[in-house]
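Enquirer:
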Amino acid sequence: MINLENPKRYRGLVDQAHQVAAQMFRPISRTYDRAEHEYPKELDSLAAVLDGMNAGNADGGAGAGKLQQDKNEDGSVVNGRNMAAVLGMFELCWGDVGLALSLPRQGLGNAAIAAVANEEQSKRLEGCWAAMAITEPGAGSDSAAIRTRATVDGDDYVLNGEKIYVTAGGRCDTVVVWATLDPDAGRAAIKSFVVHKDNPGLEVVRLDHKLGIRASDTATLRLTDCRVPKQDLLGSPEIDVKRSFAGAMKTFDNTRPLVAAMAVGLARASLEETRRLLEDAGVTIDYDRPALAQSAAAARFMALEADWEAARLLTLQSAWMADNSQPNSMQASMGKAKAGRVGTEVSLGCVELAGTLGYSENSLLEKWARDAKILDIFEGTQQIQLLIIARRLLDKTSAELK
Amino acid sequence: MALNLNAIGLAALRRLSSSGVVERVGLKTPFEKLLYEGSRRGFQVGAAGNRVFKRVGTLGKPQRPDVAPTGGVFDLTPTEEQAMFREAVARYADERLRAAAADADHAAAAPEDILTEAAELGLAAMSVPEALGGAGEPQSPVTGALITEAMAHGDMGLAIACLAPVGVANVMARYGSVEQQSRYLAAFAEERPPVAAIAIAEPRPLFDPAVLQTRAVRDGDEIVLSGEKSQVPLAADAELLLVSAADDNDDSQVYIVERGLNGIGVDADPGMGVRAAGMGTLRLDNVRVPVTARLGEDEGCDPAELAALSRLAWCGAAVGTAQAVLDYVVPYINDRQAFGEPISHRQSVAFMAADMALELEGMRLATWRAAARAEQGQPFAREAALAHRLCARHGMQIGSNGVQLLGGHGFTTEHPVERWFRDLRAVGVMHGGMCL
Chain A
147 MINLENPKRY RGLVDQAHQV AAQMFRPISR TYDRAEHEYP KELDSLAAVL
197 DGMNAGNADG GAGAGKLQQD KNEDGSVVNG RNMAAVLGMF ELCWGDVGLA
247 LSLPRQGLGN AAIAAVANEE QSKRLEGCWA AMAITEPGAG SDSAAIRTRA
297 TVDGDDYVLN GEKIYVTAGG RCDTVVVWAT LDPDAGRAAI KSFVVHKDNP
347 GLEVVRLDHK LGIRASDTAT LRLTDCRVPK QDLLGSPEID VKRSFAGAMK
397 TFDNTRPLVA AMAVGLARAS LEETRRLLED AGVTIDYDRP ALAQSAAAAR
447 FMALEADWEA ARLLTLQSAW MADNSQPNSM QASMGKAKAG RVGTEVSLGC
497 VELAGTLGYS ENSLLEKWAR DAKILDIFEG TQQIQLLIIA RRLLDKTSAE
547 LK
Chain B
10 MALNLNAIGL AALRRLSSSG VVERVGLKTP FEKLLYEGSR RGFQVGAAGN
60 RVFKRVGTLG KPQRPDVAPT GGVFDLTPTE EQAMFREAVA RYADERLRAA
110 AADADHAAAA PEDILTEAAE LGLAAMSVPE ALGGAGEPQS PVTGALITEA
160 MAHGDMGLAI ACLAPVGVAN VMARYGSVEQ QSRYLAAFAE ERPPVAAIAI
210 AEPRPLFDPA VLQTRAVRDG DEIVLSGEKS QVPLAADAEL LLVSAADDND
260 DSQVYIVERG LNGIGVDADP GMGVRAAGMG TLRLDNVRVP VTARLGEDEG
310 CDPAELAALS RLAWCGAAVG TAQAVLDYVV PYINDRQAFG EPISHRQSVA
360 FMAADMALEL EGMRLATWRA AARAEQGQPF AREAALAHRL CARHGMQIGS
410 NGVQLLGGHG FTTEHPVERW FRDLRAVGVM HGGMCL
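Protein sequences, first through last, are from chains A and B.
One rule links them: number in the working numbering = place in the first sequence (from 1) + 146.
One rule links them: number in the working numbering = place in the second sequence (from 1) + 9.
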């Protein structure tokens, strides 16, 4: 039965995540925006709270930690882990995206491990804080072009290369590194490896200074003859031309809804604050009256809010499909594309509506607008999402539609 | 095989069909024949002005739409019944409405056989309680949105022509008094359901349905209606009109107006698009109706809610037509060659298509959410307004991109995209006309 309200069973989770966002993130949001690279020590106690929440919630709770595809055995509709994670992320990022990205043990690498690790690995890696290292100086969106090399040597792989833009790369204890077994074999040879931070071959070279999400550290990592035992390769070690890269990319079907959710949460914060400021200024949004029969500010606000609603629902759709084992690559990209652009449009539009008040560091509106931009870039840029949607819509290969 | 669809009831047929009986006894074809072509037996659409609405049935109190319980699960799956109904309507619309669309657009009127078939589909009868001879199905805004979408995928103008009377039945079911339901709602279950439409819009910029220039002035036991209503579907033939007007307190209410009354004038007013709906201007010059003609009588109706349900109907239409554009454009840009390859191999082209697809999906989900909230008895004004903003803006953009992607070909009437372009502009403009 068609129903697009938040599932009843997650009201508690949403409420908890909102409390975390309101009471722990918001008060320190500006502090760590200014103190870039300083570790938000408040997160340690929060991590313990979240671990408790997750342990008490079979569906994984808030954060990126545990994403898997669920299925009810009787075939009925499931609202499961993906939905829960998205709903939690809405709230956390209503609080602060940078801090949400810095939650210990909730990294995107954790999501990758949850998606592809075998049972033994899952058990061994439980409780780790895993970052994701894909991008290289010469390979961004074209992840098949990565040059970090993995060479077999006895019972180990030896990794060599440089990784950039590793979110939580400085603070995490584990990194999931994408490397190629054979640079000439293309995508099929790309594998992901679990590398522990205390590995002597792994070095944090520097942390980047950024436009936004400054509370989150973004690291450059160098791998120099970094030895990784064979059992730390995630997925199949075979170079299977048909399947393996698709397997690696499948992680994105589960993580893109989550990044879309970040943009949705952030944009809601901007909308709420702007609505409050507009109401103080005597502008109310009247949903019974046509937008154009109201003030320009009200009409603009409604237009922004409408696009935000579309982004939110597309994000929920992609998570719902993942929970119900429906192939969701196209919808995950739709959600990510819409939420990515909406995050920026809404937060920048809100700064404009709020005027100098929104532009000042006295308000978080300007910060949210800076934070938003990355959400249309990482985990697949707007343009990559459109490419994925278009290839599926038009039934084109990557050779045909480049 | 002679089946009277209304006598048996579409709902009953549907139940029969879903039970498997239809396939087992080989009735599937006649069933579909009924749905798609109709027996024509007993159905006609007549000239306006001569109809007498008689009180029928034994309704003790007004029938109101059921509030659907929600299981609290986020779900995008239509019920089995909804899916089947949507499919049947979609097949009808894609065959019949699509084929008749160009001529009807040109003629600025819906052909009689289409209107007859639509009456036979019994969509309006679904809103009529069993005590009044109808199907007695619980009225469902979600089903309504799905059906509107499916009909508009065939053609938006003809969808409006077919669904305008359904909207009147829905409004009667939602707000009508016992007397009004017995007299007017019951008529929608008859062999010749009334040609009917909702008249809300007035011809001026920045129109707001809560601020009306059409007046309803009390005079003894009568109300005197004066004013002008624009873009009224089926205007030339409508026998029954729901007209919004401001009363002595400036409150908007809705009045039931039978076509035969003195002082009613109609001018054809074909517009940019949705011409098949037979749009016209309704002029009310001191039209006298009894005080009991106020919809809901003493209780009145909720005009803001009615406006929101009407917006949602237009959203459903926008989604259907935008889907038609996308469905047409995808094979076109895959076939069309330029510079030695399909134009869809260029990102500038492919990305427009991707954009259309994702904005369309957002429009659809927002429409569904608002309709589902309406069905659950939850507040839905905000959700309907947001869906309407999306459908007006992105629906139009999809229409414009549809023409753009066909280039010069899209600008000619050789392809339907120029009609869809014109139709999709209606979504941001219209008030009333349709209602879930």
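Yeah, the Cβ is synthetic: ideal placement off N, Cα and C, and Gly gets one too.
Using only CA atoms, which one of ALA407(A), GLU451(A) and GLU282(A) lies nearest to SER464(A)?
Expert: Within the first sequence, numbered from 1, the residue matching residue 464(A) stands at position 318. Of ALA407(A), GLU451(A) and GLU282(A), the residue nearest in Cα terms is ALA407(A).
Enquirer: Going by the beta-carbon positions, is the gap between LEU511(A) and VAL488(A) smaller than 7 Å?
Expert: Here residue 511(A) refers to the residue found at position 365 of the first sequence. Here residue 488(A) refers to the residue found at position 342 of the first sequence. Cβ atoms of LEU511(A) and VAL488(A): not closer than 7 Å.
Enquirer: Quick one: Cα of LEU380(A) to Cα of LEU254(A), how far?
Expert: Sequence index remark: in the first sequence, residue 380(A) carries index 234 (1-based). Sequence index remark: in the first sequence, residue 254(A) carries index 108 (1-based). Approximately 14 Å, taken between the alpha carbons.
Enquirer: Do PRO153(A) and VAL82(B) have their C-beta atoms closer together than 7 Å?
Expert: Position 7 of the first sequence, counting from 1, holds the residue named residue 153(A). Position 73 of the second sequence, counting from 1, holds the residue named residue 82(B). A contact, by the Cβ cut-off of 7 Å.
Enquirer: Distance check for GLN165(A) and SER191(A), CA to CA, integer angstroms please.
Expert: The residue you call residue 191(A) lines up with position 45 of the first sequence. The residue you call residue 165(A) lines up with position 19 of the first sequence. Computed Cα separation, rounded: 14 Å.
Enquirer: Against chain A, does GLY442(B) count as a neighbour if the rule is that its beta carbon must be under 7 Å from one of theirs?
Expert: Position 433 of the second sequence, counted from the first residue, corresponds to residue 442(B). So no, GLY442(B) is outside the interface.
Enquirer: With a threshold of 8 Å on Cβ separation, who are the neighbours of LEU221(B) within its own chain once the five nearest residues in sequence on each side are excluded?
Expert: On the second sequence, residue 221(B) is found 212 positions in, with the first residue counted as 1. Cβ neighbours of LEU221(B) beyond the five flanking positions: GLU211, GLY236, SER253, ALA254, ALA255 and SER261.
Enquirer: State buried or exposed for PHE348(B), treating a residue as buried only when at least 16 other CB atoms are found within 10 Å of its CB.
Expert: Numbered from its first residue, the second sequence carries residue 348(B) at position 339. The residue in question, PHE348(B), is exposed, as its Cβ has fewer than 16 Cβ neighbours within 10 Å.
Enquirer: Name the DSSP bridge partner or partners of HIS553(A)?
Expert: Within the shown structure, residues of chain A are numbered from 147 to 548, placing residue 553(A) beyond reach of any answer.
Enquirer: Closer than 7 Å by C-beta to LYS548(A): which residues in its own chain qualify, once you throw out the five before and the five after it? Chain order, please.
Expert: What you label residue 548(A) is simply residue 402 of the first sequence in a count that begins at 1. Cβ within range, chain order: n/a, list empty.
Enquirer: Please state whether the Cβ-Cβ distance between GLY166(B) and ALA285(B) is less than 7 Å.
Expert: As a first step, residue 166(B) is located in the second sequence; it is residue number 157 there, counting from the start. As a first step, residue 285(B) is located in the second sequence; it is residue number 276 there, counting from the start. For GLY166(B) and ALA285(B), yes; Cβs fall inside 7 Å.
Enquirer: With distances taken from CA atoms, which of SER136(B), LEU141(B) and GLY142(B) is nearest PRO150(B)?
Expert: As a position in the second sequence, residue 150(B) is number 141, starting the count at 1. It is SER136(B) whose Cα lies nearest to the Cα of PRO150(B).
Enquirer: Express the C-alpha separation of LYS309(A) and ARG360(A) in angstroms, rounding to a whole number.
Expert: Here the question's residue 360(A) lines up with position 214 in the first sequence. Here the question's residue 309(A) lines up with position 163 in the first sequence. Taking the straight line joining both Cα atoms gives about 19 Å.
Enquirer: What runs of the alpha helix (DSSP H), each 4 residues or longer, lie entirely inside the segment 87 to 140 of chain B?
Expert: Scanning the segment 87 to 140 of chain B from its first residue to its last, the whole alpha helix (DSSP H) runs of 4-plus residues come out as 89 to 101, 107 to 116 and 121 to 130.
Enquirer: If we ignore side chains and look at the alpha-carbon of each, how far apart do GLN148(B) and VAL300(B) end up?
Expert: Here residue 148(B) refers to the residue found at position 139 of the second sequence. Here residue 300(B) refers to the residue found at position 291 of the second sequence. Near 27 Å, if we compare the C-alpha coordinates of VAL300(B) and GLN148(B).
Enquirer: For HIS440(B), is the classification buried or exposed, using 16 other Cβ atoms within 10 angstroms of its Cβ as the cut-off for buried?
Expert: The count along the second sequence starts at 1 and reaches residue 440(B) at position 431. Buried, by the Cβ-count rule.
Enquirer: Does any residue of chain A have a CB that is nearer than 7 Å to the CB of THR38(B)?
Expert: As a position in the second sequence, residue 38(B) is number 29, starting the count at 1. Summary for THR38(B): the model assigns pLDDT 39, below 50, so the residue's position carries little reliability, and this model does not support an answer.
Enquirer: Answer yes or no: does any C-beta atom of chain A fall closer than 7 Å to that of ALA394(B)?
Expert: In the second sequence, residue 394(B) corresponds to position 385, counting from 1. Closer than 7 Å to some Cβ of chain A, the Cβ of ALA394(B) qualifies, so yes.
Enquirer: Applying a beta-carbon distance threshold of less than 7 Å, which residues of chain B neighbour ARG435(A)?
Expert: Numbered from its first residue, the first sequence carries residue 435(A) at position 289. ASP217 and ALA219, listed in chain order.
Enquirer: Rounded to the nearest angstrom, how far is the Cβ of ILE535(A) from that of MET467(A), given a contact under 8 Å?
Expert: Counted from its first residue, the first sequence places residue 535(A) at position 389. Counted from its first residue, the first sequence places residue 467(A) at position 321. About 14 Å separates the two Cβ atoms, so there is no contact after all.
Enquirer: Would you call the CB atoms of LEU150(A) and ARG320(B) closer than 7 Å?
Expert: Within the first sequence, numbered from 1, the residue matching residue 150(A) stands at position 4. Within the second sequence, numbered from 1, the residue matching residue 320(B) stands at position 311. No; because the gap between Cβ atoms is not below 7 Å, this pair is not in contact.
Enquirer: So which residues of chain A does PHE360(B) contact, with C-beta pairs closer than 7 Å?
Expert: Reading the second sequence from its first residue, position 351 is the one you call residue 360(B). Ordered by position in chain A, the residues that pass the 7 Å Cβ test against PHE360(B) are LEU532 and ALA536.
Enquirer: State the beta-bridge partners of CYS324(B) as determined by DSSP.
Expert: Stepping through the second sequence from its first residue, residue 324(B) is reached at position 315. Answer is none; CYS324(B) lacks a bridge partner.
Enquirer: May I have the straight-line CA-CA distance separating ALA331(B) from GLY272(B), to the nearest angstrom?
Expert: Here residue 331(B) corresponds to residue number 322 of the second sequence, with the count starting at 1. Here residue 272(B) corresponds to residue number 263 of the second sequence, with the count starting at 1. If I take the Cα positions, the gap works out to 40 Å.
Enquirer: In its own chain, which residues sit with a C-beta less than 7 Å from the C-beta of GLU184(A), not counting the 5 before and 5 after it?
Expert: For the purposes of this step, residue 184(A) is taken as residue 38 along the first sequence, with counting starting at 1. Only TYR178 meet the Cβ criterion.
Enquirer: Just checking: is the beta-carbon of VAL223(A) within a distance shorter than 7 Å of some beta-carbon in chain B?
Expert: As a first step, residue 223(A) must be located in the first sequence, where it is residue number 77. Yes, because at least one Cβ of chain B sits closer than 7 Å to the Cβ of VAL223(A).
Enquirer: With DSSP collapsed to three states, give me the class of SER253(B).
Expert: As a first step, residue 253(B) is located in the second sequence; it is residue number 244 there, counting from the start. The answer is strand: DSSP assigns SER253(B) an E or B state.
Enquirer: If contact is defined by three or more beta carbon pairs under 8 Å, each pair taking one atom from either stretch, is the segment 332 to 342 of chain B in contact with the segment 303 to 318 of chain B?
Expert: no
Enquirer: Residues of chain B with a CB under 8 Å from the CB of ASN152(A): which are they?
Expert: Stepping through the first sequence from its first residue, residue 152(A) is reached at position 6. Residues of chain B passing the Cβ test: PHE83.
Enquirer: Determine the DSSP secondary structure at TYR156(A), reduced to helix, strand or coil.
Expert: Start at 1 with the first residue of the first sequence, and residue 156(A) comes out as number 10. Looking at TYR156(A) - three-state DSSP - the assignment turns out to be helix.
Enquirer: At a CB-CB cut-off below 9 Å, which residues of chain A make contact with PRO87(B)?
Expert: Counting from 1 along the second sequence, the entry for residue 87(B) is found at position 78. The contacting residues are MET147 and ILE148.
Enquirer: Measuring CB to CB, does ALA483(A) end up less than 7 Å from GLN531(A)?
Expert: As a working note, residue 483(A) is residue 337 in the first sequence. As a working note, residue 531(A) is residue 385 in the first sequence. Contact flag set, yes.
Enquirer: Using Cβ-Cβ distances below 7 Å, what residues of the segment 472 to 500 of chain A are close to chain B?
Expert: MET480, ALA483 and LYS484
Enquirer: Cβ of GLY325(B) within 7 Å of Cβ of GLU158(B)?
Expert: Taking the second sequence and counting its residues from 1, one reaches residue 325(B) at position 316. Taking the second sequence and counting its residues from 1, one reaches residue 158(B) at position 149. Contact flag set, yes.
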